[in-house]
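These notes concern the structure reproduced below.
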């Protein structure tokens, strides 16, 4: 009986671990963070983004914000004047993404990845007990 439970746990880990291990947390702008007069398009061209990666926007609240925009809103945004427009290309064939995080919460973006990981750990614990 115990060996069956162990096999179930190992199967779950084998399925869940690659997607967690392959996802990356990428700080937009690197050490500069999210600020004005920084060329984010050039910065993004030097990176490889995969499905499942988390983009973290580090900025001073009250001075900047980050929103998910439609293509029309992105194209007409005034933020190009300060070089604060970021569009990325996501590589195909990467792990399946987690649920979409809240659009304006930096902590929500970071927390969602940890929530998925913790849910997997709890599920493994429950299976191991049963």
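Residue numbers (mature numbering (1 follows the signal peptide of the UniProt record, and there is no 0)): -23 to -1, 1 to 107.
A virtual CB, placed ideally from N, CA and C, is assigned to each residue, including glycine.
Nearest candidate by alpha-carbon position, reference residue i, set the options
{"i": "residue 36", "options": "30, 29, 44", "result": "44"}
{"i": "residue 42", "options": "66, 52, 10", "result": "10"}
{"i": "residue 19", "options": "7, 28, 29, 30", "result": "7"}
Residue i and residue j closer than 9 Å at C-beta
{"i": "residue 1", "j": "residue 64", "result": "no"}
Length of the line joining the Cα atoms of residue i and residue j
{"i": "residue 26", "j": "residue 68", "result": "6 Å"}
{"i": "residue 101", "j": "residue 66", "result": "34 Å"}
{"i": "residue 71", "j": "residue 106", "result": "Residue confidence for residue 71 is low, a pLDDT of 49 falling below 50, so the modelled location carries little weight; the figure read from the coordinates is stated next. Going by the C-alpha atoms only, they are around 32 Å apart."}
{"i": "residue 24", "j": "residue 15", "result": "15 Å"}
{"i": "residue 97", "j": "residue 31", "result": "18 Å"}
{"i": "residue 55", "j": "residue 94", "result": "38 Å"}
{"i": "residue 52", "j": "residue 5", "result": "20 Å"}
{"i": "residue 50", "j": "residue 92", "result": "31 Å"}
CB-CB length for residue i against residue j, believed under 8 Å
{"i": "residue 33", "j": "residue 3", "result": "7 Å"}
{"i": "residue 48", "j": "residue 17", "result": "With a Cβ gap of about 17 Å, residue 48 and residue 17 do not count as contacting."}
Boundaries (first-last residue) of the beta strand (DSSP E) holding residue i
{"i": "residue 31", "result": "31 to 33"}
{"i": "residue 11", "result": "Element bounds for residue 11: n/a, residue is neither H nor E."}
{"i": "residue 3", "result": "2 to 4"}
Terminal residues of the alpha helix (DSSP H) in which residue i lies
{"i": "residue 19", "result": "17 to 22"}
{"i": "residue 48", "result": "48 to 53"}
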